[in-house]
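The structure appears below as structure tokens.
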Amino acid sequence: MSSPTFDSLRETLKNLRRRRSNLFILKQSSFFVIVVALFTLAIATLAVWLKLDKQGAIALFTIVVFGFGLLLWSFARVLRRSHTDDRRLAHYVEDHIPDFEQRLLTSLEFTEDDLANGRRGVSQQFIQQLWRDAQEHVQQQQAEVETVIPSKASWISFASAASVVAIVAVAFLSSDALFSTGSRLIWPFAISEPIVLIEVLPDIEISIEPGDIEMQRGDGVTIVARVSNAVPGSINLRLQDDNVNWRDYSMVRDGSGSESASFSYYIPSLEEDTTYYVSFIERGEQNSTQHRISLFDLPQVEQIDIAYDYPDYTGIEDAIEEDSGDIIVPEGTNIELTVTFNKAIATANLQFEESFSNDDEGLDPLSPYADLQLDIDGNIGIASFTVNQDGVYRIAAADFSNLESANPLDYFIRSIDDNPPELKLIRPGKDEDVMPLEEVVLEIDATDDYGLSRFNLNYSVVGADEVEVNFLPELNVLSVSGNELIYLEDLDVEPGDFVSYFLTLADNNDIEGPNEVISDIYFLQVIPTDQEFRRSGAQGAGGGGGGGDSSALVAVQKDIIAATWKLKNRQNQVTAEDFTADAEIIAESQKEAAGRARMSIDRLAERLNFSDDSYDSAVENLSLAIEQMNLAAGELDLEQVTSALRPEQLALQYILKAEANINRTQISMQQGGGGGGGAQQEREDLRELFEMEMGQLENRYETPSSPGGGAQNSEEANKLEELARRQEGLTRAQRNLARREEQMTEEQKRRELERLMRQQEQLSREVGQLAQQMSQSQQQSSQSQASSSSSSSGGQQRQTALERAAQQMQEASKSETASIAAARSQKALENLRQQQRELNKQSDRSVNQLAQNLGQRGQQLLQKQRQLQDALQETTREQGLGQTRQEIRNDGDMQELIELQQQQQKDLEEIEDMLRAIIARGDNDDQRLMSQAQEATRDLRPIREEMQTSNRVLRNGMVNLSVDIEADLEEEIEDFAQGLAALNPSSTASPSDQLQQAARDAKSLRQQIEDLEQQALAFNENGLQASEDGTPSIRAMRDQLERTQQLAQQLTQQLQQQAQSRGPQRGGQRQIGQQQNQQPRQQGQQGQQGQGQGQQSSQQASAGGGNQDQVGRGGTIDTSGNNSAMGNARSIRQQLTQQDIEDFLSQPELFRQLLQPILELEGALRAQAELDNINNKLYASVDEDIPDEYRDLVEEYYRVLSENQESAESAQ
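Okay, so the sequence shown: first residue is 321 according to this note's numbering, each after it adds one.
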């Protein structure tokens, strides 16, 4: 009989067994699925990698089937092990639930039979009780019993299997290869085999260049291989030159296509006959056809030995140069060429070719070298020739097989010219004024590249025999320094004479004859002794200072003599046309000087005879000078330059004698206390004769310069000025490039032109931007000021001018040649300058503004004139002796100087337009300004004429004459600039302040002279040791002397300004003084008397007199003292500028002679300044001195008095 308790226990165990079995099957099935999925993926991947055909797929399918069978067998075996009995299950539960305490396991030891039949030793009640107890514990822990078998691991296995299956499925679905391969493996027997097509490839073709050839031994060759119907990765070139060994070289791929490729290899030199072919691997080894290169030998030069036989005048030893070719030797060298060929030669020629030549125009070029035949001995050839010019030579040969040289090398010939000797006149280096008893030191250096054969000094007085001094100690010396002391006392010269001197040099060239160099002609002008001039400057009561400067007529005549002298020396070096043109220019200058002198004498002849015999002698000497000028002009018309020199020099001597007569007369007049008005007028008229050319008369309209410079230019004007300056420099560079094109290579011309075009394009863009900016500004101005039509039109003009300039710059930047670019750039520059003038016209709207700007323009004109003069002097120093006029005119620097002169003329024309504008726009309130503008306009005319003359002279290559004219122009422009500065109404410097400043400058000048005297004395005492004990060197003293000369020049200018400015102010001071120091009833009469006295005083002052007693009564200051001070200042400036520091060192007494007039000048200026200060205080106008109640009465009194006076005059 069955027990319910036991059945319940068994049911519980059965449920546990079923749960455990299900979870085990789930877990093992998951493992099986994972293995199967991964195995399938691995098989499919392997099939894809192996790319199996049908047979391989079948084999792999067999393996897959076997693998799947093995997996199924393993899975079934695992499932079979999953069954277990109750006892083992109870043991599993007891292990996991210890609270059962072996009850479940013990109760299973008894069966139902034991309960029914009993077991030995165990009662039925015990079994019954044991089952009941086990059942109770199972029920108490029912939840734990049901979960004693965990399901988590099984479900994790299931999830893993699902994931793996999903991944494998995604892999198959996403990969066509896996999916296709897997499909083929499912049933590989259904795979259909593809039809195999056998492709028949075309034959590989190999072509070789140049194939079988013959070539010159030692030449290079390029082997080219072209492969068709294949593209090999590399090709080897195989060479054989010994019939045994092959050498492999990898060829370079030049290009390739889909079915072809080309390769090349360059062999720089072949010395043996060579067999070659190409080989590569493509469908097996591929080889080209073999080809052969056969070599032959052309005649060629292997070595040139040169034997030099130098001319005797060079002093160079003969020499032999081996393995050479190029020849650089002095002119006249004999050359012997020994040429070694590579083989026996039948004939050989020495072929010459001309090289680039830059010979002077007008000179006959040398005949080119004639080709020579070499003397052949086997493989040796010999030829000889003499080098007389530059050239190029080559050697052409032919062998006995009629093979000729191919492309023979060119060798250059450079002939080193025998340069003419160089002469450097160190001291004095220029024309100089000397006194009759003076000793003149001449220092000259001469050098030559190979040696001197003559070095002579020639000097003479006009009409006397010429003295020749030989400075050469021996023949063929390279460098000589010559020194000569000329004792003027021994020459019996007197004021008015002059000593002319020149130097001659010659080298030792014995082939073409010595190169002779003749220097310019220099003059030592004899002037009165320094004591006479000093007495002239010390006489304060005389009628004006004696002039020490040479007149313009002297300077012009000197320039004419110098020009004739140069033309005489260059007669054999220039063409007949140039010589005739130069002679005509000099003759024209001589006639012009004679004509002006004649006109001046004719004007003076209209007066009565001169009251002094010296003046009659001066006019007589001038007449004789004119006669000699006419004789010289006649000789020049006949082109007899040598015979024209003597009358030219005689004319100069007569002019100097006439000037000496004038100076002596002035000295005697000053020592005698001056002369009357007629004599003074005679002196002024005759002095004007000598100063007519250079305008050396003092400017009677000078006023103090204005410290202000006018309003600042606007930003647009500054930018425009910068652009114009840059465009001017660029235009100059383009012109220089156009002149130098023939001397440059094509590459150099191209690079230089490209650089200039880039700069031009940049300038064009900047000008365009400025034009746009100014157009916008003009539009805004027009909108705000619609009524200003004139301004709008002016703005339109400016915009148009700028646009034209920008357009022309753009065209210039695209020019193909430098000459075209320079022409277009010049037009653009002219438009920019026009733009500047338009801007200036718009800014200079008022008379005062014009006056202020004129002061600036005057200073700019003076500054540019000084720069032009410095450039001319530098050009004169750098100018070579014997240089032709054509060379001078074609020089690039000379062209720039001519352009600067022309620009000066344009600036002067603009200043003249501004002066006319002041005169036209001025009203009654601007009378002083208008009067000064009219005077400045008159002063401008001679400046313009001299500028034109200087430009004409410079364009004809007469640099020295132009230098003299420009030096005179600087003085005139300096005075003119001061007059323009005086137009500025903002000038505030009073005459008293000017006098005080002049006194301070005189004191500084005295102190500097005293310091310089002490330094000179110390230097003379210490001698050559001067630099060791702290004594200043000659260079330091020379610098201090230059500063002193500048201070003297500044002082002279100040006195000129002060003298001009004091005249118009004195009348006002006199009237003020009279009105404030007389009773009202007496004021009218005294004022008229004071006015009359003022007029009389003014007349006396102009005649050189003056009355100092009027200071107390009328408030005037005598101007004669000022005139004396001005004369002293000029004399001091002249003596300082005419002396060098060496003169002061050799004659220390010159310092004492300078200090005396400086002390007198300083004292006079101090006295004048103090007197002027007292006068200003004494007669200063103070409005508070007249009470208000009397002011109207005084005005009424003067009005009635004026009416009564007019009525009385009408009645009379």
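Idealized CB from N, CA, C, for every residue including glycine.
- Here the C-alpha atom of Glu1194 lies approximately 10 Å from the C-alpha atom of Val1283.
- Contact between Ile905 and Asn1276 holds: CB atoms are separated by about 6 Å, below the 8 Å threshold.
- Contact between Asp629 and Asp830 is ruled out by a C-beta separation of about 14 Å, above the 8 Å threshold.
- Contact check for Phe1339 and Leu1474: beta-carbon distance about 17 Å, past the 8 Å limit, so the pair fails to qualify.
- When DSSP states are grouped into helix, strand and coil, Ala953 belongs to the helix group.
- Under the Cβ criterion (8 Å, minimum of three pairs), the segment 594-609 counts as touching the segment 541-560.
- Runs of beta strand (DSSP E) with 3 or more residues, each lying fully within the segment 768-855, are found at 787-790, 797-807, 818-827, 836-838 and 842-846, listed in chain order.
- DSSP lists Ile806 as the beta-bridge partner residues of Val760.
- Beta-bridge pairing by DSSP links Ser576 to Ala581.
- Between Thr1364 and Ala1449, the C-beta gap is not smaller than 8 Å, which leaves the two residues out of contact.
- Distance from the CA atom of Gln1224 to the CA atom of Glu1232, rounded to whole angstroms, is 12 Å.
- Within the model, the alpha-carbon separation for Ser735 versus Asn708 is close to 6 Å.
- Going by DSSP, Arg558 is part of no alpha helix (DSSP H) but of the beta strand (DSSP E) stretching over Asn556 to Gln560.
- Annotation: Asn607 is outside any alpha helix (DSSP H); the continuous beta strand (DSSP E) that includes it extends over Glu605 to Asn607.
- Short of 6 Å from the beta carbon of Pro650, and not among the five residues preceding or following it, lie these beta carbons of its own chain, in chain order: Thr634 and Ile736.
- About 16 Å separates the Cβ atoms of Gln1068 and Ala1141, ruling out a contact at the 8 Å cut-off.
- Boundaries of the alpha helix (DSSP H) harbouring Gly376: Lys374 to Arg400, taken from the DSSP string.
- Close CB contacts of Arg1486 within its chain, under the 6 Å cut and outside five residues either way in sequence, are with Ala1319 (chain order).
- Assignment of beta-bridge partners to Glu656 by DSSP yields Ala627 and Ser704.
- Inclusion of Leu1182 and Gln1221 in the CB contact set at 8 Å is not warranted, their separation being larger than that value.
- Your pair Ile1354 and Ile1461 checks out as a contact, with CB atoms roughly 6 Å apart and the cut at 8 Å.
- Within the segment 1119-1168, the runs of alpha helix (DSSP H) that reach at least 4 residues and sit entirely inside it are, in chain order, 1138-1163.
- Taking a C-beta distance under 8 Å as the contact criterion, Phe661 and Gln536 do not qualify as a contact pair.
- In terms of Cα proximity to Pro530, the closest of Ser1324, Met1094, Ile613 and Ser554 is Ile613.
- A check of alpha carbon separations from Ala668 across Ile506, Pro619 and Glu742 identifies Pro619 as the nearest.
- Comparing C-alpha distances from Arg546 to each of Leu392, Arg567 and Glu579 shows the shortest one belongs to Glu579.
- Cα atoms of Glu1123 and Arg1264: separation of roughly 33 Å, rounded to the nearest angstrom.
- DSSP, reduced to helix, strand and coil, places Thr1065 outside both helices and strands of the structure shown, so it counts as coil.
- Contact between Asp625 and Thr658 is confirmed by a C-beta separation of about 4 Å, below the 8 Å threshold.
- Here Pro1477 is buried: its Cβ has 16 or more other Cβ atoms, across all protein chains shown, within 10 Å.
- For the set Leu951, Ala952, Ala953 and Leu944, the Cα lying nearest the Cα of Tyr974 is the one of Leu944.
- Taking a cut-off of 8 Å for Cβ pairs, the segment 873-880 and the segment 1279-1298 touch, as three or more such pairs fall below it.
- In this model, Asp769 and Gly1483 are separated by some 59 Å (Cα to Cα).
- Per DSSP, the unbroken beta strand (DSSP E) holding Ala545 starts and ends at Val541 to Ser548.
- Inter-residue distance for Gly387 and Val490 is about 23 Å (C-alpha atoms, whole angstroms).
- Within a 10 Å sphere around the beta-carbon of Asn1173 sit 16 or more other beta-carbons, which makes this residue buried.
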